[in-house]
Structure formats: structure tokens, C-alpha cells
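K.L.:
Please see the structure below; I have some questions.
Numbering (the numbering used here), first residue to last: 14 to 308.
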């Protein structure tokens, strides 16, 4: 990624439409509920998203969410995202998503995606994937990520997916309590853990874990900055200023809206460049080739 020619790096964008596989409308009610919750119905292709970010000179990390065992819905191929990242390597990176229920087979896939496809990190969504992050069934996949010293993004807090559906679509919010990542951070110290989103209603728990464990970061995706809890802004301005990351959750929130609201959300001018780009440069290892990306 040619980060010097980018104005920011969005660490949290979603692949929404596959051009390799036919559309899978199974479980589409979850999409409709998310659209209502976020006030958005954008479903761009991967290529459309890349063009959107390229026009704005913003780098992006893109991933899907593999929830095949919980939701029964076919995932967008990790390989499709990885190919797009290779073809746009000046401004894009691919993270993979593997359902933790796939265990050792999932670990084999993770190894292959790193070595053969150039994947540079992973995404987990405990609520949608239906597991506690500390569940030992996920350990084989974590071990691969840890061995390669790559980052992993974990959804934390409330989920727009399932919001308003009968019984919340059967999805359990408790799985995404950020305190569940404390055990993971201890057992996998070389896996950089990114807690995605302001972690409502567990914002203080997220700040505690990130302050205590130096391999834990926070991305600010999924919310407009004008709604951030005040303690999140306080820690971003002080103790955690080097481990806070810009993320939009595109296409549910656009980077334009996020960056506009960021300007007036109470962040100190001296920490804003790090949040928008500098911290992601370190996390992704863009500034020190051949060394640990978080050193």
C-alpha cells in the first residue's frame, strides 16, 4: 500500500456483492434489518467500492464475514477479495474471514490464504458467527494468525445485524462483549487484536482491555464520531492515542460522513493524523518492512 499518497486508511470496509458467486438470498432478512438500522441500502460490488475509495485517495482494508454455520448463508470468497487487493495493492489490503466452527480445517484455510493469496489479516464477528472469542474451538485459527504476527479484527458491542428482528434474529449480543478478548490477548500476544466499533454497552470494558493489553487496538467504525462516548474520545486523546484506528463500516457509513463528523468530535489536532492513517500504517506493517508491524 502506497500510504504516503493516501489521505487516510479505512481499516474496516465490507465486501457486499460477489461477482464470482451467484447472489445468495438465504437470510436476506438480516440485510433488510441492517438497512433499516443504519438508514442505508447500498450494496456495491467490490470493484465499485475500490473505485469509490480510489477517487477519494483513501486506502482500505476489505473483508467479508463467514457465518456459514450460524446463518447458513454462503460467504463471499476470500479469494475474490484477495485478488482485488493484489490488483489494487497501492491502496487496498485484504483480510479474510473464516467461521471459527471450521476448526482445524479453518486453520488450514487461513495458512493457505496467507501464503498463496496474500491475505494480511482476519475478521471475526462473534455475534453473527455464534461463539465466544475465548472458545477453544477457535484456537487453531488464532494459532495461525499469531504465528504469522498478523492482526485480527473482532466485532464488539451492539450489532446492527439482527436489530429489530423477531428475537433479534436469534443472534446473541453477549458474544461480543470486549472483555471476552482478554483471554485471547494473553494467549496470542503476537496477534494484534482490533476491537471494532465503540463497544456499546461495554465501552469501559473495551477501554480497560486495550489499556491493559498492548496488543489490543480499537477501530472507530460503525458510528458517526459525533455519537462517540466521551470516555472513548478521552482515551483516544491520551492513553490509547497510538492504538486508535479510523474505520467507517462502509457501505453502512461513508468515509465522507465519518471524516466530516470526526473534525468536530473533540479529538485533539495532534492525535488526528495518527487515527486517520499513522496508526494503521504501523498496525499493517507498512513503515517497517521485515519487522514486527506493531514495533
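By construction, the Cβ of each residue, glycine as well, lies at the ideal position given by its N, Cα and C atoms.
Which residues bound the beta strand (DSSP E) around residue 127?
P.N.:
Counting along the chain, residue 127 falls outside any beta strand (DSSP E), though it belongs to the alpha helix (DSSP H) covering 116-130.
K.L.:
For residue 176, tell me which candidate among 150, 140 and 22 has the shortest Cα-Cα distance.
P.N.:
Nearest of 150, 140 and 22 to residue 176, Cα basis: 140.
K.L.:
Which of the three DSSP states is assigned to residue 144 in this structure?
P.N.:
It is coil, neither helix nor strand.
K.L.:
How many Å lie between residue 32 and residue 247 at the Cα?
P.N.:
Distance between the alpha carbons of residue 32 and residue 247 is about 42 angstroms.
K.L.:
Mapping DSSP to helix, strand and coil, what is residue 150?
P.N.:
DSSP places residue 150 in helix when its eight states are reduced to three.
K.L.:
Write down the C-beta distance between residue 23 and residue 84 rounded to the nearest angstrom, noting that I regard them as a contact closer than 8 angstroms.
P.N.:
Not a contact, Cβ separation roughly 25 angstroms.
K.L.:
From 62, 190, 253 and 258, pick the residue whose C-alpha is nearest to that of residue 98; which is it?
P.N.:
The shortest C-alpha separation from residue 98 is found at 62.
K.L.:
Let me make sure I understand the geometry here. Which of 198, 70, 239 and 238 has the alpha-carbon closest to that of residue 224?
P.N.:
The shortest Cα separation from residue 224 among 198, 70, 239 and 238 belongs to 198.
K.L.:
Closest to residue 133 by CA distance: which of 116, 142 and 102 is it?
P.N.:
Per the Cα distances, 102.
K.L.:
Determine the closest residue to residue 50 out of 296, 28, 172 and 150, with distance taken between C-alpha atoms.
P.N.:
Here the closest residue by C-alpha is 172.
K.L.:
Have a look at the DSSP bridge pairing and note the partners of residue 167.
P.N.:
DSSP output for residue 167 lists 137 and 208 as bridge partner(s).
K.L.:
Could you have a look at residue 36 and say whether DSSP puts it in helix, strand or coil?
P.N.:
Looking at residue 36 - three-state DSSP - the assignment turns out to be coil, as it is neither helix nor strand.
K.L.:
Which same chain residues, not among the five before or five after residue 110, have their C-beta less than 6 angstroms away from its C-beta?
P.N.:
Cβ within range, chain order: 76, 77, 78, 79 and 136.
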